Amino acid sequence: MSGINDFAFKMGTVNGTGSASANGLLMQSIFRMGIPVTGKNVFPSNIQGLPTWYEIRVSAEGYTARPTEIDLVVALNPASYAKDIATVRPGGIVVHDSSFPLDPALSRDDVTFLGVPFGAMCNQAFTRDRDRTLLRNSVYAGTLGALLALDMAIPEQMLAERFGKKPAVLKANLTALKLGYDYAKAHFDCPLPFHLERMDATRDSILIDGNSAAALGALYAGATVGAWYPITPATGLMEAFKAFCERYRVDPDTGHRRYAILQAEDELAAAGIAIGAGWAGARAFTNTSGPGISLMQEFIGLAYYTDIPCVFFDVQRCGPATGMPTRTQQADLLSLAYASHGDTKHPILFPANPHECFDMSVQAFDLAERFQTPVFVALDLDIGMNDWMVPRLAWDDAFRPDRGKVLDADALAALPRFSRYRDVDGDGIAARTLPGSGAKGAYFVRGSGHDQHAAYTEDSAAYQEVMDRLARKFAHAAEAVPQPVIRLQPGADVGLVTLGGCDAAVREAADRLRDVGVVADVMRIRGFPFGAAVRDFLERHEKLFVIEQNRDAQLRSLLTIELGVPRDSMIPVLDYAGLPLSATAVVQGVTRHLTGVPA
Amino acid sequence: MSGINDFAFKMGTVNGTGSASANGLLMQSIFRMGIPVTGKNVFPSNIQGLPTWYEIRVSAEGYTARPTEIDLVVALNPASYAKDIATVRPGGIVVHDSSFPLDPALSRDDVTFLGVPFGAMCNQAFTRDRDRTLLRNSVYAGTLGALLALDMAIPEQMLAERFGKKPAVLKANLTALKLGYDYAKAHFDCPLPFHLERMDATRDSILIDGNSAAALGALYAGATVGAWYPITPATGLMEAFKAFCERYRVDPDTGHRRYAILQAEDELAAAGIAIGAGWAGARAFTNTSGPGISLMQEFIGLAYYTDIPCVFFDVQRCGPATGMPTRTQQADLLSLAYASHGDTKHPILFPANPHECFDMSVQAFDLAERFQTPVFVALDLDIGMNDWMVPRLAWDDAFRPDRGKVLDADALAALPRFSRYRDVDGDGIAARTLPGSGAKGAYFVRGSGHDQHAAYTEDSAAYQEVMDRLARKFAHAAEAVPQPVIRLQPGADVGLVTLGGCDAAVREAADRLRDVGVVADVMRIRGFPFGAAVRDFLERHEKLFVIEQNRDAQLRSLLTIELGVPRDSMIPVLDYAGLPLSATAVVQGVTRHLTGVPA
Amino acid sequence: MTSIAKPPVAHPSARRNGLGLTVRDYEGGMSTLCAGCGHDSVTAAIVQATWELDLPPHRAAKMSGIGCSSKTTAYFMKQSHGFNSVHGRMPSVTTGASAANRGLIYIGVSGDGDSLSIGLGQLSHAIRRNVNMLYVLENNGVYGLTKGQFSASADIGSTSKQGVANEQPPIDPVLLALTLGATFVARSFSGDKQQLVPILKAGLAHRGFAIVDVISPCVSFNDHEGSTKSYAHTRAHGAEEVHTDFVPLRREITLPDAAADVSVVQMHDGSSVRLRSGRGEHDPTDRAAAYAHVAGCNARGEIATGLLFLDESGREMHDHLHTVPTPLVDVPYAQLCPGSAALDALMTEFR
Amino acid sequence: MTSIAKPPVAHPSARRNGLGLTVRDYEGGMSTLCAGCGHDSVTAAIVQATWELDLPPHRAAKMSGIGCSSKTTAYFMKQSHGFNSVHGRMPSVTTGASAANRGLIYIGVSGDGDSLSIGLGQLSHAIRRNVNMLYVLENNGVYGLTKGQFSASADIGSTSKQGVANEQPPIDPVLLALTLGATFVARSFSGDKQQLVPILKAGLAHRGFAIVDVISPCVSFNDHEGSTKSYAHTRAHGAEEVHTDFVPLRREITLPDAAADVSVVQMHDGSSVRLRSGRGEHDPTDRAAAYAHVAGCNARGEIATGLLFLDESGREMHDHLHTVPTPLVDVPYAQLCPGSAALDALMTEFR
Ligand SMILES: Cc1ncc(C[n+]2csc(CCOP(=O)(O)OP(=O)(O)O)c2C)c(N)n1
Ligand SMILES: Cc1ncc(C[n+]2csc(CCOP(=O)(O)OP(=O)(O)O)c2C)c(N)n1
Ligand code: SF4
Ligand code: SF4
Ligand SMILES: [Mg+2]
Ligand SMILES: [Mg+2]
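Protein chains in written order, with this note's numbering: chain A, 467 to 1065; chain B, 467 to 1065; chain C, 4 to 354; chain D, 4 to 354.
Structure follows, in structure tokens:
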């Protein structure tokens, strides 16, 4: 099924050798040729010396899910030769370093081996060890350029942009690039049957990772306090926020910063800092991953019970425990939805890609302040750390933050008495005052039992009144969180339900299912609690598949608990391998159930 | 509905004034008269000076749930006069201190006020302030003795037991007791219409609190390491364990202790200590309440993912956050069942009374070692801290701990190779070795991704194999945890489902419902995951009511998720007021639904 | 945290401070602590100190964790916002509040369990960050609210009410703070209002983290023979080293017994602290000397009280963060959002 | 935690120790750390120390948290059980293991992030309990595994790879341990095996909590100019104060340069440590002197290394707990369960 602008290739290298930049160079060059492209980085949880992979998919139709078939592999890591060579589809191609003989045991006769003396060429061309290692990456980039008919002007241009200030480095990289390119031209008939051809399909798009996009959202939403503790794959979010703040939030004259980023001593402290800042009136957030969410449970319950706004970004990784920190999963759903002991429920937003990370990040801050409660944005490693092709991010300058019900001096003065937790409007949301607002608005936040006046209580009725209000408030959030994206097809006989990063794979799967005669409507859930639209879709479909990336069908559990939709009316399609979802996995999951046999 | 051996009375006093001992004296005396009795202590979250109540229910039929009607109140705390007087049923009685005039505004003409000059009498009889305060309690005990026809020989005997070594104190207490008794005899016609008459219904029973019983279970199960951090209402469990260990586990000659109790710096450390001890081969446990469960989430996930046995006692209190530490609730169910981020599931035991606390505590240690996983025992404040009348605890000396699959030297030697996480028997349980068992059995515990050999992995298949085994293991636990107690009635048209401390109230409610024509089967769930018996009961009943003490119907959620029983086929009857459940609350919840009007 | 509305009886002192407020205006809800609890005396000292300082109630924020001690933030300054958070985590909440609004004066109250057991990490890192706050540690050597278990500050040999002796070495918050670089370290005693009030005022005026370890006996569980945190023990062993006498610029207050050997330290806010070294044993601006002195007292079984160390040159958290002088909560949104043009320009970098 | 089976190449040294084991028998899986990481040198030192001590592999338990440093427990003593727990919580896990089985020798490895940020509370309380273990803190001033953020031990002015300078005062684990009452406190440098190995051996022989702060540079993120944890900086500033030379009773080992001014300290297990004070500046059995000395070095920008403090009279956790000499895991059930008769008798007290 490979062809012009429709194929996938993969680099198998050693981490810490600089291959990442070459891989990025290739992907971005294809992007600049106007061709839709996706890149997935599959890397180990260490710093240097272990196998790492980069998969690039080119798709004229604009499919961005992880490819299932690999047409070409660049095998540069002896430690993973066997595995890498095995992943190439029959008829595919293996590019390897012919400086050393390839173990015959590894050869396959259903694939073509193209040997390129990367090592030898580098040793000849360069003297310093560092260069010999680093530049090898540019050499294979050049080789691929030739094999795939990449417009070489683009990578050259990009190298110029990157190393403009370092002519020597630039020159070396260009030489390396040419070495690989020329060798391929001279020894193989280029281009390969599957290759690149200019298009004009990326003009309005960008390549960006979800962590950066979410950070931009926080910047534009007016977040001023960010508290965190480093953890893969969430680290990039705060680092990006820091970089953007240094660029847009520092007074050029005084060097004064209009933001505060605190690297806390742990996740408990990070949550405490964010909650303290939210109470004080700042838009505050913390970013973490599963282990951090577990450690923040107590503080989350405090914020819930005391109506304090705060945004939590959970960039999910493969659990449980430390799990696989550099693999992706959607397995924190239950931990987030009902975080903390006692009766608690929390709004969650589920971005499907970096573009939504930007939008939902902004929405999360509005929702947190409007509903005065912790709001979660559930990313995952794939969305957070990989570069995705998405539409350019846009901003409406008319936007004003929704601070929710905050009483200013006049509003306060107008009141006969201020009762922090009185539900005046019947929406479960009570007006708050900020510290510093004076005697009349002063109140005492307590995680212990309190009545609607924020006074301590051990009285059943007074306690329940507050708990019931919180339940009402949560119910109201159902229509305020992002509504599902629903794609209906005439004559659909099944409904596919999914969330977050599964989106791309599920949409592609729906197309492929149609080709095999299964017409499916698709609903991608974007927020928790679930609103009427979600309920309707589920009720309107006889046969439902719930596609998610965890072992225990956690999304399905939430749907069952919150909407009362019978569990067994929803067939789970679960993928918890730790890698981005592929359309094939979805197609197989569905067809296996429908026909009893895999597609 | 009150009468001989069938009534309830309540003391309203100030905490820290010693009324607790007098209340206990009264309850125990009634118990020794052979009459079934229950006592509920409703106390504030502070040390001294706030209103506190003690409710005693006498029930010839042996109903032990919290009473709904109070026939008599002893109002000794001016701060709660109004509230206390209001709780007496029409036709009931208020005993108050006539040393000071009673505010006319407080009087009711549908109840009888019996004034006793407690204060004045004490000031006359005793000189030291301390005595005047403390002994007032014995005085009202005496008054009640007269009013309720208590066999005074019993409290006198008990005081003798208690103060045998302090003749002066004993004398003073006896005097006080007599003062109150004589005053009542002289001024009121004793006994009251509702009063006590000797029975022989408590011969085989004891009065014990759940914390002590659970501690005894840990002692008998052979637990050697207890780690904790003080928290109400769980504190009593470790204090009791300590007391029992000092009595039964200390070498009289050397003073050496065959146990280790560690007061940790916080709950995270307590969990870590218990897990470290469990890994090392000890039967270890920790006791805590909601906030602690939140703080232990990360460690719980580690133990789950690395197959380490450990017992967690959660003595639930009223959440969320700090909540109401001296009120009861069953609102940690979801937090326990799916504790920690990622895909996790944990067995939970639900004792209904102190007797089951003992049995299930023992079972919990067996299950934890057999399934090599964290096991939770979910008590609540009512069970943990109140004295319950239950059958005497019994022990079978044939009992031997089920250590599960632990390889000794020979077993290890017999193996070709030891693979820590290989599922040899297909039950999801892999054999373990203990540290110190030597080279062949040595393995490396890691919370990061590991394969069946306990080796580090980032490979999808190897990771999933372990995750699937854990899921299998959990499924097997369903038939191993305590099975439900089911009470069927001929011609039953509804099913009542409940758990834990709701038991007494639900059974009583079932009887009362029958009187109003509603015949109900009752299933009390005793363990999670749910087995076939639970499923069958639910499937066999058209109309189901799930009775639990939380706001969000958490037990119903678990039933829906795990068994697929449609949520809306189970009508929730929820009580989250923080007080022990009363039969009336259940009857009303059920009838309100059936008839649309409260009973 | 229980707080009962106070019965309206006129307060003895109707004297008004610079803001025209009476001491009564600095009080809070009625205490529900045990009669005679040391913590209530500390509360009274805080009321006195804030009143004397003319501290505007609306500019103060009261922060605490969980415990009898932590409840006391409800018993003073009812006109100020308060935050009774979770056990041992008040430092992080205050760090966040301070980051968001540096314009407020943060008064933290904690206990020895709250600070030295579950909260040790957060306390230590708040010290390291030099969060600008007064941190009052009401130290009674026990967990009062959970009925008297030993805390990490219980001294070896000290026996709890059940008569069991503590066997683990205590953690001295003063030595800990000195080791971690705290810029204001003091210790006092709930029974010595004359010493405590000026110390609290100095701590409030200090720019940075000011920790005051207050020996505050628990009458219910620890104020008996054998306890080294009892009134009796502290009176007998309290070796006062440095008197503190806070002098606001407006009006000078001097302790009746103020006298010789006075070293005046300039406080960052322009006011000054007059230190008198009781035995002239150490220079309170020399960290090493302070440490040696306190450790020496401990070794002799004495408790060094007074303002033990002070460094007015320290940089508080906001100096490290380089934040704008305006509290972040007051920075207008327009100065936070780069706008659409900037975003459009930025997008070109993602191609 | 990555651990790859080691290729079967014969190890240079085939010398056998008292147990007839070669150094190779004390090695573990192949390291996956960065080439040149200081932690690998520490691993080698641990292998050497345990081999020289004739430590029976099955009697050792390797404990760690999370981080590059914590991974290293997989790289030595493959014949021993290991527990790579959660971030910053290894001390509690080890406390529990030790409570259950006091018969094992616990070797804990942690990092500065693992120990001084998220784990500061647990480390401090393990010290206070005096858990019987060797605690190796591989200190590189950064979070290596998460790519180089500053840790709490990063010195002021030290610049990270991105060139941003740290502005918060560092936490010195040595001063912290001295303040909290640690009974064995040492510091060394991953590049100085000659000093490190004897210190590790002494720490292993110590009865109680033995903390060894090892400056262990991160080549990927912190070994460059400006970093005070770099090889260059430590070589230049490392002021060795006390040499340690461990002497088991069986066979004496002496460092080539062993010499004068030797104070011999009797270790609890009968063996002895010979301490040589480089400049004779302080007595390593005097806590106050040790503190003053280390603080002094810090003030001078020097790093005091060597065995800095030792107290062999300290009581370890089990002494506080009064536990039986037999490990609790080996106490037969019959001695744990009081039996039915006792229960029946007890029941009468509940009536
Ligand atoms: C997470 C958590 N664990 C335990 C508790 C129970 N608890 C409440 S107060 C307290 C200790 C208080 O001791 P301290 O800080 O010294 O205050 P004091 O009462 O002595 O003034 C504990 C353990 C809690 N509220 N939260
Ligand atoms: C609860 C939790 N938070 C964060 C992380 C991410 N994390 C892994 S290692 C590490 C820091 C390691 O630093 P250090 O202990 O100094 O070890 P080093 O890598 O420098 O040797 C962090 C923050 C985690 N694994 N768990
Ligand atoms: S228990 Fe102790 S600390 Fe708590 S209020 Fe009473 S006296 Fe004070
Ligand atoms: S990142 Fe630093 S600490 Fe981690 S392995 Fe590499 S050199 Fe060592
Ligand atoms: Mg205390
Ligand atoms: Mg480090």
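C-beta: ideal position from N, C-alpha, C; glycine also.
The structure displayed is predicted, hence computed values, not measured ones.
Review point. Using DSSP with H/G/I as helix, E/B as strand and the rest coil, what is W861 (chain A)?
Key: Reading the first sequence from its first residue, position 395 is the one you call residue 861 (chain A). Coil.
Exercise for review: Assign D195 (chain D) to buried or exposed, taking buried as 16 or more other Cβ atoms, counted over all protein chains shown, within 10 Å of its Cβ.
Suggested key: Working through the fourth sequence from its first residue, we reach residue 195 (chain D) at position 192. The residue is buried, with at least 16 neighbouring Cβ atoms inside 10 Å.
Review point. Taking 6 Å as the line, does the beta carbon of V222 (chain C) fall inside it for any heavy atom of ligand 3?
Key: Here residue 222 (chain C) refers to the residue found at position 219 when the third sequence is read from its first residue. Flag set: Cβ of V222 (chain C) near ligand 3.
Point to revise | Cβ-based contacts, 7 Å cut-off: residues of the segment 109-127 of chain D near chain C | key: The residues in question are L123, G124 and S127.
Review point. Among the residues of its own chain, which have a CB less than 6 Å from the CB of P11 (chain D), if the five just before and after it don't count?
Key: Here residue 11 (chain D) is taken as the residue at index 8 of the fourth sequence, counted from 1. The predicted model places P11 (chain D) with a pLDDT of 49, which falls under 50 and marks its position as unreliable, so this point remains unresolved.
Check your understanding: Is the shortest distance between the beta-carbon of S223 (chain D) and the beta-carbons of chain A less than 7 Å?
Key -> Stepping through the fourth sequence from its first residue, residue 223 (chain D) is reached at position 220. Chain A, which has a Cβ nearer than 7 Å to the Cβ of S223 (chain D), makes this yes.
Practice item. Just the chain C side, please: which residues come within less than 7 Å of T182 (chain D) by C-beta, in chain order? Key: One-based indexing of the fourth sequence puts residue 182 (chain D) at position 179. Those within 7 Å of T182 (chain D) in chain C are L178, L179 and T182.
Exercise for review: Using alpha carbons as the reference points, say which of C:G85, C:A64, C:R62 and C:C37 lies closest to L516 (chain B).
Suggested key: The sequence position of residue 516 (chain B) within the second sequence is 50, counting from 1. Looking at the Cα atoms, C:C37 is the closest of the given residues.
Review point. Relative to ligand 5, is the shortest distance from any of its heavy atoms to the C-beta of N639 (chain B) smaller than 6 Å?
Key: Locating residue 639 (chain B) in the second sequence gives position 173, where the first residue counts as 1. Because no heavy atom of ligand 5 lies under 6 Å away, the Cβ of N639 (chain B) does not count as near it: no.
Review point. Thinking just about the alpha-carbon of each residue, which of A:V577, A:A737 and A:Q514 is nearest to the one in P556 (chain A)?
Key: In the first sequence, residue 556 (chain A) corresponds to position 90, counting from 1. The residue from A:V577, A:A737 and A:Q514 with its alpha-carbon nearest to that of P556 (chain A) is A:V577.
Exercise for review: May I have the straight-line CA-CA distance separating T964 (chain A) from A680 (chain A), to the nearest angstrom?
Suggested key: Here residue 964 (chain A) refers to the residue found at position 498 when the first sequence is read from its first residue. Here residue 680 (chain A) refers to the residue found at position 214 when the first sequence is read from its first residue. Whole-angstrom Cα-Cα distance: 21 Å.
Check your understanding: Among B:A684, B:V1012, B:V554 and B:D563, which has the Cα closest to the Cα of S468 (chain B)?
Key -> Looking up residue 468 (chain B) in the second sequence gives position 2. Among B:A684, B:V1012, B:V554 and B:D563, the Cα nearest to that of S468 (chain B) is on B:V554.
Review point. Taking the C-alpha atoms as reference points, what is the distance between S83 (chain C) and A17 (chain C)?
Key: As a first step, residue 83 (chain C) must be located in the third sequence, where it is residue number 80. As a first step, residue 17 (chain C) must be located in the third sequence, where it is residue number 14. When rounded, the distance between both Cα atoms is 20 Å.
Check your understanding: Whose C-alpha, out of A:V540, A:N543 and A:L645, is nearest the C-alpha of F592 (chain A)?
Key -> What you label residue 592 (chain A) is simply residue 126 of the first sequence in a count that begins at 1. Measuring from the Cα of F592 (chain A), the nearest candidate turns out to be A:L645.
Check your understanding: So with Cβ pairs under 7 Å, would you call Y146 (chain C) a contact of chain B?
Key -> In the third sequence, residue 146 (chain C) corresponds to position 143, counting from 1. At least one chain B Cβ lies under 7 Å of Y146 (chain C).
Exercise for review: Check the C-beta distance from D809 (chain B) over to G967 (chain B) and give it rounded, since I have them as a contact under 8 Å.
Suggested key: By 1-based counting over the second sequence, the position of residue 809 (chain B) is 343. By 1-based counting over the second sequence, the position of residue 967 (chain B) is 501. In fact, because the Cβ distance is near 30 Å, the residues do not count as touching under 8 Å.
**Study point:** Sufficient close CB pairs (3 or more, under 8 Å) joining the segment 723-730 of chain A to the segment 85-95 of chain D
**Key:** Using a C-beta cut-off of 8 Å, the segment 723-730 of chain A makes no contact with the segment 85-95 of chain D, since fewer than three inter-stretch Cβ pairs fall below that distance.
Check your understanding: What did DSSP end up calling Y606 (chain A) once you bin it into helix, strand or coil?
Key -> In the first sequence, residue 606 (chain A) corresponds to position 140, counting from 1. If DSSP states are grouped into helix, strand and coil, Y606 (chain A) belongs with the helices.
Review point. Can a CB atom of chain B be found closer than 7 Å to the CB of Q82 (chain D)?
Key: As a first step, residue 82 (chain D) is located in the fourth sequence; it is residue number 79 there, counting from the start. It does; some Cβ of chain B falls within 7 Å.
Point to revise | Top-ranked residue by Cα proximity to A971 (chain A), from A:G983, A:Q955, A:R990 and A:L833 | key: Taking the first residue of the first sequence as position 1, residue 971 (chain A) is located at position 505. Cα-wise, what sits closest to A971 (chain A) is A:R990.
Review point. Within 6 Å: the Cβ of S154 (chain C) and any heavy atom of ligand 7?
Key: Ligand 7 is not part of the structure shown, which contains ligand 1, ligand 2, ligand 3, ligand 4, ligand 5 and ligand 6 as its ligands.
Check your understanding: How many whole angstroms separate the CB atoms of E764 (chain B) and S760 (chain A), which I take to be in contact at a CB cut-off of 8 Å?
Key -> Here residue 764 (chain B) corresponds to residue number 298 of the second sequence, with the count starting at 1. Here residue 760 (chain A) corresponds to residue number 294 of the first sequence, with the count starting at 1. The pair is a contact, with the Cβ atoms about 4 Å apart (cut-off 8 Å).
Check your understanding: If you measure from the CB of S72 (chain C), is any heavy atom of ligand 1 nearer than 6 Å?
Key -> Mapped onto the third sequence, residue 72 (chain C) falls at position 69. Yes.
Review point. Any idea which residues DSSP pairs S671 (chain B) with across the strands?
Key: Stepping through the second sequence from its first residue, residue 671 (chain B) is reached at position 205. According to DSSP, which records beta bridges pairwise, S671 (chain B) is partnered with B:P857.
Practice item. Could you spell out where the alpha helix (DSSP H) holding P867 (chain A) opens and where it closes? Key: Taking the first sequence and counting its residues from 1, the one referred to as residue 867 (chain A) is at position 401. That residue, P867 (chain A), is in no alpha helix (DSSP H); it is neither H nor E in DSSP.
Review point. Among all the DSSP beta bridges, which residues are the ones paired with S525 (chain A)?
Key: Reading the first sequence from its first residue, position 59 is the one you call residue 525 (chain A). Per DSSP, A:D472.
Check your understanding: Alpha carbon to alpha carbon, what distance is there between V96 (chain C) and T839 (chain A)?
Key -> Your numbering for residue 839 (chain A) matches position 373 in the first sequence. Your numbering for residue 96 (chain C) matches position 93 in the third sequence. Their Cα atoms are separated by approximately 16 Å.
Review point. Closer than 6 Å: is that where the CB of H513 (chain B) sits relative to any heavy atom of ligand 3?
Key: Mapped onto the second sequence, residue 513 (chain B) falls at position 47. According to the sequence displayed, residue 513 (chain B) carries Ile and not His. At least one heavy atom of ligand 3 is nearer than 6 Å to the Cβ of I513 (chain B), so yes.
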